[in-house]
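A.B. asks:
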Amino acid sequence: MSSIEEFLQRTRDRDITLADTTPNSIAMSTRIRLARNVADYRFPKWLTEQEELEIERQVRHALMDTYQELNHFALSDIAPLARHVLVEKHLISPHFMKQKSGDLLVSEDETMSIMVNEEDHLRIQCLATGLQLQETYERASKVDQVLEQQVTYAFDEKLGYLTSCPTNVGTGLRASVMLHLPALTMTNRMNIIAQTMLRLGIVVRGIYGEGSNSLGNIYQVSNQVTLGKSEVTILTELQEVVEKVIESELQARQALVKNSALMMEDQVYRALGVLTHARILTSDEAATNLSRLRLGIDMKLIDLPIKAVNQCISCMQPGFLQYYDGQTLPANDRDILRAKLVRETLQQAI
Amino acid sequence: MLCEHCQQREAVITISQKYQSGQDHHYCEICANQLYPFTAQIKKEPISIQQLLTNWQAPKERTSPKTCETCGMTYAQFTHTGRFGCPKCYATFASQLPKILRPIQADLQHVGHMPSAMKNEYSIKKKIEELRNKMQTAVQEERFEDAATLRDEARELESQLGGDY
Numbered sequence: 001m002s003s004i005e006e007f008l009q010r011t012r013d014r015d016i017t018l019a020d021t022t023p024n025s026i027a028m029s030t031r032i033r034l035a036r037n038v039a040d041y042r043f044p045k046w047l048t049e050q051e052e053l054e055i056e057r058q059v060r061h062a063l064m065d066t067y068q069e070l071n072h073f074a075l076s077d078i079a080p081l082a083r084h085v086l087v088e089k090h091l092i093s094p095h096f097m098k099q100k101s102g103d104l105l106v107s108e109d110e111t112m113s114i115m116v117n118e119e120d121h122l123r124i125q126c127l128a129t130g131l132q133l134q135e136t137y138e139r140a141s142k143v144d145q146v147l148e149q150q151v152t153y154a155f156d157e158k159l160g161y162l163t164s165c166p167t168n169v170g171t172g173l174r175a176s177v178m179l180h181l182p183a184l185t186m187t188n189r190m191n192i193i194a195q196t197m198l199r200l201g202i203v204v205r206g207i208y209g210e211g212s213n214s215l216g217n218i219y220q221v222s223n224q225v226t227l228g229k230s231e232v233t234i235l236t237e238l239q240e241v242v243e244k245v246i247e248s249e250l251q252a253r254q255a256l257v258k259n260s261a262l263m264m265e266d267q268v269y270r271a272l273g274v275l276t277h278a279r280i281l282t283s284d285e286a287a288t289n290l291s292r293l294r295l296g297i298d299m300k301l302i303d304l305p306i307k308a309v310n311q312c313i314s315c316m317q318p319g320f321l322q323y324y325d326g327q328t329l330p331a332n333d334r335d336i337l338r339a340k341l342v343r344e345t346l347q348q349a350i
Numbered sequence: 001m002l003c004e005h006c007q008q009r010e011a012v013i014t015i016s017q018k019y020q021s022g023q024d025h026h027y028c029e030i031c032a033n034q035l036y037p038f039t040a041q042i043k044k045e046p047i048s049i050q051q052l053l054t055n056w057q058a059p060k061e062r063t064s065p066k067t068c069e070t071c072g073m074t075y076a077q078f079t080h081t082g083r084f085g086c087p088k089c090y091a092t093f094a095s096q097l098p099k100i101l102r103p104i105q106a107d108l109q110h111v112g113h114m115p116s117a118m119k120n121e122y123s124i125k126k127k128i129e130e131l132r133n134k135m136q137t138a139v140q141e142e143r144f145e146d147a148a149t150l151r152d153e154a155r156e157l158e159s160q161l162g163g164d165y
């Protein structure tokens, strides 16, 4: 067992959502989340401290044998900045970050995390690089099956798994894929696509989920419906929609190259110029330029290792910046530090 | 006594209100039918064997109380936060669920995965439902002996489930 500080040092360069992806990989990562609750307890928000501990103990006990390698951290032991990094790594939700208590179980390779006493007693989450809905679901489902051997879930045969919020009732499944869609954004087609997807029961959000903005043309696409459709249907429908969006993005990229190749190349190299020379970089500016660079690499307009871009995307985030600098920084100082880190990372790669 | 609504015809029906005023109201048959359409079957014959059996079909649904007995959440609190207090809230506010779920969900019936412990119970319940349907058909076809056999089979299965099913 190690502390959260040791864990974050060990996993500093690890971000499953930004692993070395193959060129043209528009689908950056896949996330599966299952919401579950323990029968005969009120939902977390209304639990007593004693009841919270009981549930946390039950969950740890149920997972102990099968998942021995899980790191366990009590939320109360995690400092605000470290929580911020965990959100940026998609290991906890922004909602969990703000809570006073709760438990976090996370695998060493960061492909699996379980939040205990978030909005629901259990939020089982599995992450993977690229588009891997089925495989990732199976991993989450395995955790679910291990848990149900020892924990009695709040389940109703008509309504399925009962959750605190009725938007999760039924399967409790939220499947999401993170997509990098610069060409669709540049051609102003994201709004129309988002509206069309909504009619198909698919929601488009910013990179940290509910209520977050899109940063660097990265979007999170996920299923809205959890009741009345089976897991298989939900995953198949999302897969189909995601594939269509990827196809549209590729078409939009081709059209951009065809109609304005020089302008595209100009944008990519301007981005490289800013990122390798700027002394002050806001997260918006960094994200926008890193997105252009990523697009340039995908389209073979520039020869740069994608790994360097991914490293920049990871280290430019405010939580990450401050945590590894060891202090809370005012926004101005963050922008200076961000510019320095991005500059160094890219100059090494060139 | 005259009907308190039309003040013309003789009051023959008493409506007792349990939840609001707690008062009794006295109406004539016509006004009662208009005001409380759910009591429209008042003129039927005394209960027949058919009704007795069909009424047995399913336990009567209780009307939705305003507060969850388990966690104390009120419906007003739910509408304010959008979150239920405990799993039992779903049963407490069952009558409101269609209104909540229809706009956001595909259907009101779960069709996905279920815990393995539930699968067995679920298959028994399915079987009971099937028996009840068959029983209803038997009653309609006036095969009362068959209906009684089916009822016994269903009861047998129910005892396996235990509890208050």
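Chains as they are written, first to last, in the UniProt record's numbering: chain A, 1 to 350; chain B, 1 to 165. Glycine is no exception: its CB is placed at the ideal position from the N, C-alpha and C atoms.
Whole angstroms are fine: how far does the CA of A62(A) sit from the CA of C126(A)?
C.D. replies: Rounded to whole angstroms, C126(A) to A62(A) spans 18 Å at the Cα level.
A.B. asks: Run through DSSP, which three-state label would G201(A) get?
C.D. replies: Of the three classes helix, strand and coil, the one that applies to G201(A) here is coil, per DSSP.
A.B. asks: Identify whether S113(A) lies in helix, strand or coil by the three-state DSSP scheme.
C.D. replies: Reduced to three states, the DSSP call for S113(A) is strand.
A.B. asks: Can you tell me whether K44(B) is buried or exposed? The criterion is at least 16 other CB atoms within 10 Å of its CB, across all chains shown.
C.D. replies: With a pLDDT of 47 at K44(B), under the threshold of 50, the predicted position of this residue should be treated as unreliable, and no value is reported.
A.B. asks: Who does V38(A) pair with in a DSSP beta bridge?
C.D. replies: Its beta-bridge partners are Y153(A).
A.B. asks: For P115(B), which residues in chain A fall below 7 Å Cβ to Cβ?
C.D. replies: Under the 7 Å cutoff, chain A gives E148, Y153 and F155.
A.B. asks: Determine which residues of the stretch 214-229 of chain A have a Cβ less than 9 Å from any Cβ of chain B, and write them out in chain order.
C.D. replies: Hits within the stretch, in order: Q224, V225, T226, L227, G228 and K229.
A.B. asks: Please classify M263(A) as buried or exposed, where buried requires at least 16 neighbouring CB atoms within 10 angstroms.
C.D. replies: Exposed is the call here.
A.B. asks: Would you identify the three-state DSSP class for F43(A), choosing helix, strand or coil?
C.D. replies: If DSSP states are grouped into helix, strand and coil, F43(A) belongs with coil.
A.B. asks: Output the boundary residues of the beta strand (DSSP E) element that contains C126(A).
C.D. replies: Residues L122 to T129.
A.B. asks: Shorter than 8 Å from the beta carbon of L150(B) to some beta carbon of chain A?
C.D. replies: With 8 Å as the cut-off, L150(B) does not count as an interface residue toward chain A.
A.B. asks: Assign A255(A) to one of two classes, buried (16 or more other C-beta atoms within 10 Å of its C-beta) or exposed (fewer than that).
C.D. replies: Classification for A255(A): exposed.
A.B. asks: Could you tell me if V245(A) is buried or exposed, where buried requires 16 or more neighbouring beta carbons within 10 angstroms of its beta carbon?
C.D. replies: V245(A) is buried by the Cβ-count criterion.
A.B. asks: Closest Cβ-Cβ distance between P23(A) and chain B: below 8 Å?
C.D. replies: Here P23(A) scores only 47 on pLDDT, less than 50, and its place in the model should not be relied on; the value that follows carries that caveat. No, because no Cβ of chain B sits closer than 8 Å to the Cβ of P23(A).
A.B. asks: Does F96(A) come within less than 8 Å of chain D when only Cβ atoms are used?
C.D. replies: Among the protein chains of the structure shown, namely A and B, there is no chain D.
A.B. asks: Is the shortest distance between the beta-carbon of L63(A) and the beta-carbons of chain B less than 8 Å?
C.D. replies: Closer than 8 Å: no.
A.B. asks: Helix, strand or coil for H5(B), going by three-state DSSP, please let me know.
C.D. replies: Correct three-state label for H5(B): coil.
A.B. asks: How about K112(A) and I92(A): are their beta carbons less than 8 Å apart?
C.D. replies: Residue 112(A) is actually Met in this sequence, not Lys. No, the Cβ-Cβ distance between M112(A) and I92(A) is not below 8 Å.
A.B. asks: Find the nearest neighbour of K127(B) within the set E158(B), M1(B), T137(B) and I30(B), judged by alpha-carbon distance.
C.D. replies: The residue with the shortest Cα to Cα distance from K127(B) is E158(B).
A.B. asks: Would a check of beta-carbon distances place R83(B) closer than 8 Å to chain A?
C.D. replies: Judged by the 8 Å Cβ criterion, R83(B) is in contact with chain A.
A.B. asks: When DSSP labels each residue in this structure, what does residue 375(A) get in the three-state scheme?
C.D. replies: Nothing in the structure corresponds to residue 375(A), since chain A is present only between 1 and 350.
A.B. asks: Does R189(A) come out as helix, strand or coil in the three-state DSSP assignment?
C.D. replies: If DSSP states are grouped into helix, strand and coil, R189(A) belongs with coil.
A.B. asks: Do the stretch 158-170 of chain A and the stretch 219-229 of chain A make contact, defined as three or more Cβ pairs closer than 8 Å?
C.D. replies: Taking 8 Å as the limit for Cβ pairs, the verdict is that the stretch 219-229 of chain A does touch the stretch 158-170 of chain A.
A.B. asks: N37(A) CB to nearest chain B CB: under 8 Å?
C.D. replies: Yes, N37(A) counts as interfacial toward chain B.
A.B. asks: Run through DSSP, which three-state label would S230(A) get?
C.D. replies: The answer is coil: DSSP assigns S230(A) none of H, G, I, E or B.
A.B. asks: Output, in sequence order along the chain, the residues in the stretch 160-171 of chain A whose CB is closer than 7 Å to any CB in chain B.
C.D. replies: Under the 7 Å Cβ criterion, the stretch 160-171 of chain A contributes G160, L162, S164, C165, P166, T167, G170 and T171.
A.B. asks: Roughly how many angstroms lie between the CA atoms of R270(A) and C315(A), to the nearest whole one?
C.D. replies: The alpha-carbon atoms of R270(A) and C315(A) are separated by roughly 21 Å.
A.B. asks: Starting from the C-beta of E51(A), find all residues in its chain whose C-beta is less than 7 Å away, skip the five residues before and the five after it, and write them out in chain order.
C.D. replies: Once the five neighbours on either side are set aside, the close Cβ partners of E51(A) are Y41.
A.B. asks: One question on the structure: do M178(A) and V241(A) come within less than 8 Å of each other, judged by their Cβ atoms?
C.D. replies: No, Cβ-Cβ distance for M178(A) and V241(A) is not below 8 Å.
A.B. asks: Is the beta carbon of L8(A) less than 8 Å from the beta carbon of A74(A)?
C.D. replies: It is not a contact, given that the beta carbons lie outside the stated cut-off.
A.B. asks: May I have the straight-line CA-CA distance separating E4(B) from R83(B), to the nearest angstrom?
C.D. replies: Straight-line Cα distance between these residues: approximately 43 Å.
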